[in-house]
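Novice: Quick note, the sequences are listed as chains A and X, same order. Number 219 marks the last residue of the first sequence (the working numbering); no jumps. Number 1219 marks the last residue of the second sequence (the working numbering); no jumps. Just so you know, even glycine gets a beta-carbon here, dropped at the ideal spot from N, CA and C.
2 protein chains.
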Amino acid sequence: MRALAVEDDPRIAKDLHAALSAAGFRVEGTGDGEDAWFLGDTEDYDLVVLDLGLPKLDGLAVLKRWRANGRSMPVLVLTARGTWQERVEGIEAGADDYLPKPFRMEELIARARALVRRTGGHAAALQEAGDLSLDTNRMGVALRGVPVQVTALEYRLLAYLMLHRDRPVPPTELLEHLYGEDDAREANALEAVIARLRRKLGPGIIGTRRGFGYFLEAA
Amino acid sequence: MRALAVEDDPRIAKDLHAALSAAGFRVEGTGDGEDAWFLGDTEDYDLVVLDLGLPKLDGLAVLKRWRANGRSMPVLVLTARGTWQERVEGIEAGADDYLPKPFRMEELIARARALVRRTGGHAAALQEAGDLSLDTNRMGVALRGVPVQVTALEYRLLAYLMLHRDRPVPPTELLEHLYGEDDAREANALEAVIARLRRKLGPGIIGTRRGFGYFLEAA
DNA sequence: CCCGAACTGTCAGCTTGCCGTCAGGTTGCC
DNA sequence: GGCAACCTGACGGCAAGCTGACAGTTCGGG
Chain A
1 MRALAVEDDP RIAKDLHAAL SAAGFRVEGT GDGEDAWFLG DTEDYDLVVL
51 DLGLPKLDGL AVLKRWRANG RSMPVLVLTA RGTWQERVEG IEAGADDYLP
101 KPFRMEELIA RARALVRRTG GHAAALQEAG DLSLDTNRMG VALRGVPVQV
151 TALEYRLLAY LMLHRDRPVP PTELLEHLYG EDDAREANAL EAVIARLRRK
201 LGPGIIGTRR GFGYFLEAA
Chain X
1001 MRALAVEDDP RIAKDLHAAL SAAGFRVEGT GDGEDAWFLG DTEDYDLVVL
1051 DLGLPKLDGL AVLKRWRANG RSMPVLVLTA RGTWQERVEG IEAGADDYLP
1101 KPFRMEELIA RARALVRRTG GHAAALQEAG DLSLDTNRMG VALRGVPVQV
1151 TALEYRLLAY LMLHRDRPVP PTELLEHLYG EDDAREANAL EAVIARLRRK
1201 LGPGIIGTRR GFGYFLEAA
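#1: Beta-carbon separation of Tyr-1045(X) and Met-1073(X) under 8 Å?
#2: Which chain X residues sit within Cβ distance under 8 Å of Met-1(A)?
#3: Could you have a look at Leu-20(A) and say whether DSSP puts it in helix, strand or coil?
#4: Could you have a look at Glu-1217(X) and say whether DSSP puts it in helix, strand or coil?
#5: Please name the residues in the segment 152-166 of chain A whose beta-carbon is closer than 7 Å to at least one beta-carbon of chain X, in chain order.
#6: For Asp-8(A), which residues from the same chain have a beta carbon less than 8 Å from its beta carbon, with the 5 sequence-adjacent residues on both sides left out?
#7: Under 9 Å between beta-carbons, which chain X residues line up against Thr-30(A)? List them in chain order, please.
#8: Against chain X, with Cβ distances strictly below 8 Å, would Arg-196(A) count as a contact?
#9: Taking its Cβ as the centre, do 16 or more other Cβ atoms sit within 10 Å of Thr-79(A), making it buried, or is it exposed?
#10: Which one of Asp-41(A), Arg-210(A), Glu-217(A) and Asp-15(A) has the shortest CA to CA distance from Pro-171(A)?
#11: Going by DSSP, which residues form a beta bridge with Arg-2(A)?
#12: In three-state DSSP terms, what is Pro-1168(X)?
#13: Met-105(A) touches chain X at which residues, Cβ-Cβ below 9 Å?
#14: Quick one: give me the first and last residue of the beta strand (DSSP E) that Tyr-98(A) is part of.
#15: Could you tell me whether the Cβ of Ala-123(A) comes closer than 8 Å to any Cβ of chain X?
#16: For His-1122(X), count neighbouring C-beta atoms within 10 Å of its own C-beta (all shown protein chains included) and say buried if the count is 16 or more, exposed if not.
#17: Just checking: is the beta-carbon of Gly-1211(X) within a distance shorter than 8 Å of some beta-carbon in chain A?
#18: For Leu-1108(X), which of helix, strand or coil comes out of DSSP?
#19: Indicate whether at least one CB of chain A lies closer than 8 Å to the CB of Pro-1168(X).
#20: What residue from Ser-1021(X), Asp-1015(X), Ile-1012(X) and Lys-1014(X) has the CA that sits closest to Ala-1003(X)'s CA?
#21: Of the residues Asn-69(A), Tyr-214(A) and Val-150(A), which one's Cα is nearest the Cα of Leu-201(A)?
#22: Do Leu-1175(X) and Leu-1161(X) count as a contact pair if the criterion is CB distance below 8 Å?
#23: Is any beta-carbon of chain X found at less than 8 Å from that of Arg-67(A)?
#24: Comparing the C-beta of Met-139(A) with each C-beta of chain X, is any distance below 8 Å?
#25: State the CB to CB distance for the pair Trp-37(A) and Leu-60(A), rounded to an integer number of angstroms; the pair is presumed to be in contact (CB under 8 Å).
#26: By how many angstroms is the C-alpha of Leu-1178(X) removed from the C-alpha of Arg-1156(X)?
#27: Sort Lys-64(A), Ala-184(A), Leu-134(A) and Leu-76(A) by Cα distance to Lys-101(A) and report the nearest one.
#28: How close, in whole Å, do the beta carbons of Ala-1112(X) and Ala-1023(X) come, if the pair is a contact with beta carbons under 8 Å?
#29: Would you give the residue range spanned by the beta strand (DSSP E) that Glu-128(A) belongs to?
#30: Taking buried to mean at least 16 other C-beta atoms within 10 Å of its own C-beta, is Ala-1152(X) buried or exposed?
#31: Go ahead and pull the three-state DSSP assignment for Asp-35(A).
#32: Please report the residue range of the alpha helix (DSSP H) in which Gly-220(A) lies.
#33: Taking DSSP as the reference, what is the three-state secondary structure of Arg-199(A)?
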C-alpha cells in the first residue's frame, strides 16, 4: 500500500507520516502543490491524503487536475475549516472522503483504511493489532516491524484471530476452521500451536480468556 | 514496445537511446522537429519522448499538431527549464507526462514505464528481480546479464513468479496456470520443473516457503 | 520415414521440518 | 482441595518437497 501525504504544516506532516506508516502504508510526502500534482499524476498511489491549504497551487485545483486527467486513486481531503461550503467543493472536485481539522490521527487512519478497502476492492493487505501485523498479500507476519517466521498453520490461526479480533474465539471454532469439521483432532493440537506461536511472538500478543477462547491482545 | 526519441543534443540522444533500449523498447530517434512530426504522424509508437527545444519546429508545436491530427500515443516531454509555466503549456498541448532537465535516466525510464502501463500498454518488456531479468518480448532470461537458456514451460513459470513477485505462489495456483485446471498433472511435475530451473539458475533465485509456495528471492 | 535431440511427466527414494500426540505440569474456578 | 481448562517440553510420524533416472512425445532434419 502506497500513500501520498500532501501537507504543508511540517508538524502535522510528520504526524501524518508516522500514523500512515504505522498503519502499513509506504508513505511519500510533499508540502508543495505543484509537486503534489506532479507526483499524483505520474505515480500510482493506493491513497492520497490532501490538505487544501497549500502554497503555490491550491489543493482543490490539484485534485481537479488529477480527475481531469483521469487519475482515479482515492483521495482523502483535509481542511482547516470544516464548512459545509468547502465540503461541497471538495466532493465536487472529486474527493472520496473529507476530514475537518482538527482531527485525531486514529480517525484519519480509520477513514483511510475504509477508503482503501472500499475503492480497492481487495481488503487492505496489511492488518494490524497492537505490535502484531500480518501482510495478507505476502503471507508474512511481523512484530513491531520485525518479520517473524511462521508456518502455514500458524499463519492461518493468526489470520483468523485477526479477522475476529473484536471477540475471543472459542477453541472449537478454531479447530473447525483450521481443520475440517470432519477431520477430528484432539483439542490439545490447538494448544500446541498456540504455545509454539507464543514462543515465537513473546508474551502479550495472544491472550486467553478461560472458558471463552483466544484473542489478540491490544487489538 | 516501440518508442520514438526526439532529442537534438547528440549526447543526450545517445543516452536516451541506450536507456530505452535497455528498458526493452525498440527505439527510433530523430533530432529534427519536422522529422519527428512526420514520424509521429505516420508511425505507431507505444511511447514518444519529446524534447521541447528543437531546431526548425518547436517540440510543443509538434505535439500540438499530433494531437490536432488525432494521434493519441503517450508523450513524455523533456524541457530545459522546469518552470511551472512550461509545464502548463506542455500539459495543455497534450503531453502525458513531464520531466525537467537535468534528469536521471532511471527516472525517465520509470516514468516511461508508468506511462506505458497507464495508457493501457502492456507491462514493461524487461522485468527484473534481483539478479534475474526476463525479457518478455523475446521470451529470454538472463542472470546477472548473462543469458540463460530456458524452455517454454520454464519461462512461463518464471514469468508467473515474476508477475506475482510480491508474494509466495502456492503450487496449486502454479499448476493451474501452467496447465489447465482440467488438465490434471501430478504435483510432482511442478517440482520437477522447479528442480530443473534451479539447476540452471543456481541457488538463491527461486525460494520455497513450505506450506505457502514458491517465490523469487531478492524480489 | 527414420533418427536423434530436446522437452517434460512419472516414478522411486530421499531429506526436511511441521505438527499431533503424550505426559506431566500450572492455573483458575467452585 | 479438586476438577477442568489450559500450558509446555519432548518425540516421532508423516507429509511436503527435492532430485536423479527414465520413458513417452514432439519436432526437425536428412
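Specialist: According to the structure shown:
#1: The Cβ atoms of Tyr-1045(X) and Met-1073(X) lie closer than 8 Å to each other.
#2: Neighbours of Met-1(A) on chain X: none; closest Cβ ~11 Å, over 8 Å.
#3: In this structure, DSSP gives Leu-20(A) a helical state, which the three-state scheme calls helix.
#4: Coil.
#5: Residues Ala-152.
#6: Excluding sequence neighbours, Asp-8(A) sits near Gly-31, Asp-32, Asp-51, Gly-53, Leu-54 and Pro-55.
#7: Result: empty, since nearest Cβ-Cβ is about 15 Å, beyond 9 Å.
#8: Cβ-Cβ to chain X under 8 Å: no for Arg-196(A).
#9: Residue environment analysis places Thr-79(A) among the buried positions, since at least 16 neighbouring C-beta atoms fall within 10 angstroms of its C-beta.
#10: With distances taken between Cα atoms, Pro-171(A) lies closest to Arg-210(A).
#11: When DSSP reads this structure, Arg-2(A) sits in a beta bridge with Arg-26(A).
#12: Residue state, collapsed to three classes: coil.
#13: Against chain X, the beta carbon of Met-105(A) has no neighbour under 9 Å; the closest one sits roughly 28 Å away.
#14: Here the beta strand (DSSP E) through Tyr-98(A) covers 97-100.
#15: In this prediction, Ala-123(A) has a pLDDT of 38, which is less than 50 and means its spatial position is unreliable; nothing more can be read from the coordinates.
#16: For His-1122(X), the pLDDT reaches just 40, beneath the cut-off of 50, and the residue's location in the model is therefore unreliable, leaving the point undetermined.
#17: It does: the Cβ of Gly-1211(X) has a partner Cβ on chain A nearer than 8 Å.
#18: It is helical.
#19: Closer than 8 Å to some Cβ of chain A, the Cβ of Pro-1168(X) qualifies, so yes.
#20: The candidate whose alpha carbon is nearest that of Ala-1003(X) is Ser-1021(X).
#21: It is Val-150(A) whose Cα lies nearest to the Cα of Leu-201(A).
#22: Not closer than 8 Å, so no.
#23: No, its Cβ sits nowhere closer than 8 Å to a Cβ of chain X.
#24: At least one chain X Cβ lies under 8 Å of Met-139(A).
#25: Rounded, the Cβ-Cβ distance is 11 Å, inconsistent with contact.
#26: When rounded, the distance between both Cα atoms is 7 Å.
#27: Nearest C-alpha to Lys-101(A): Leu-76(A).
#28: A Cβ-Cβ separation of about 7 Å places Ala-1112(X) in contact with Ala-1023(X) under the 8 Å criterion.
#29: Taken as a continuous stretch (DSSP letters only), the beta strand (DSSP E) holding Glu-128(A) covers 126-129.
#30: By the C-beta density criterion, Ala-1152(X) is exposed, having fewer than 16 other C-beta atoms within 10 angstroms.
#31: In the three-state DSSP reduction, Asp-35(A) falls in the helix class (H, G or I).
#32: As shown, chain A starts at 1 and ends at 219. That puts residue 220(A) outside it, with no answer to give.
#33: Correct three-state label for Arg-199(A): helix.
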